[in-house]
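Below: one structure, written as structure tokens.
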Amino acid sequence: MTSEVNELMELLNCIIQFETDIKSENDEAENWRQYLVNEQEAKKFVKVKQKLHSALRNSEKDVSRLREQVRKAKKDFDYCNKQITEYITAIEAAQHELDELKQEGKDFDKVFTVVEENIMECILKTKIQIYKQTQEDKKRIVAKLELLGCVDSLPCKEDVSAVQIHNDTSTPFSHQSLEI
1 MTSEVNELME
11 LLNCIIQFET
21 DIKSENDEAE
31 NWRQYLVNEQ
41 EAKKFVKVKQ
51 KLHSALRNSE
61 KDVSRLREQV
71 RKAKKDFDYC
81 NKQITEYITA
91 IEAAQHELDE
101 LKQEGKDFDK
111 VFTVVEENIM
121 ECILKTKIQI
131 YKQTQEDKKR
141 IVAKLELLGC
151 VDSLPCKEDV
161 SAVQIHNDTS
171 TPFSHQSLEI
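Counted the way the UniProt record's numbering counts, the sequence shown spans residues 1 to 180.
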């Protein structure tokens with residue numbers, strides 16, 4: 001019986017050893033499995049890291065391009081702003097010139113009106129003077145004809161009513177200055 005017990009004990013030890021070996025092989029297999037999983041994760045991490053580095057480089061290039069575009073846009077904006085300022089200044093200068101020309105036009109119109117009034121007054125005075133001179137010449141001729149006896153009695157009226165005689169104080173044109 002001891003021999004049977006020994007055999008059973010030995011068998012039991014073998015079974016325990018077998019279980020231990022299986023367990024240790026399972027642990028080793030688990031370790032290998034974990035190693036492979038870690039290796040795959042490391043490869044995935046490297047790939048993700050490479051993709052992120054590539055994306056970062058592309059982003060840096062994009063940022064650099066955008067900065068250049070912003071710099072150019074700012075330069076263009078500054079140029080346009082300068083142009084607008086110059087145009088506004090030119091428009092203001094042109095408006096000032098236009099205002100001056102309008103004022104000069106008004107001043108010219110005033111001077112022209114005064115000159116026109118003075119010319120009309122001179123024409124009127126000249127007509128009156130010519131009319132008076134004609135009447136005097138007519139009177140002289142009639143008087144000479146009467147002296148000669150050629151004319152019986154010509155009507156010799158002084159028809160001044162047809163022409164208005166302007167004296168210098170009553171006319172609106174009298175002695176107006178050309179200065180404005």
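Beta carbons are placed, not taken as given, at the ideal position from N, Cα and C, and that holds for glycine.
Query                                                            : Result
Three-way DSSP call (helix, strand, coil) for G149 in this model : coil
V142 to T134 span [Cα, whole Å]                                  : 12 angstroms
Inter-residue Cα distance where the pair is R33 and I15          : 26 angstroms
R65 versus Q50: straight-line alpha-carbon distance, rounded     : 22 angstroms
C-alpha gap between M120 and Y131, whole angstroms               : 16 angstroms
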